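K.L.:
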Amino acid sequence: MTTSTPTPSARTPSPKKKVTLRLDRDVVAFFKQGGKGFQTRINQVLRAYMEAQQRR
């Protein structure tokens, strides 16, 4: 029997809110290095930070 881990989109509240966010150029470049899906990766990092803060 195999178990699957829920994908980030499966646990992310929907719908997403469109916002304008100013980030340092090097931060954006770092996330874009990973290719397509850089906004999703930024969202995942922000979510992990938020959840860590909520556990404090």
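In short: position in the sequence shown from 1, add 8, done, that's the working numbering. Glycine is no exception: its CB is placed at the ideal position from the N, C-alpha and C atoms. Remember, predicted model here, so these are calculated numbers, not experimental data.
#1: Considering only the alpha carbon of each residue, which of Arg64, Leu54 and Lys24 lies closest to Val35?
#2: Grouping DSSP H, G and I as helix and E and B as strand, with all else coil, what is Lys40?
#3: CB Arg33 to CB Gly42, shorter than 9 Å?
#4: Helix, strand or coil: which one does DSSP assign to Val35?
#5: Give me the residue from Glu59, Asn51 and Ala56 with the minimum Cα distance to Ser22.
P.N.:
Based on what the coordinates show:
#1: Leu54
#2: helix
#3: no
#4: helix
#5: Asn51
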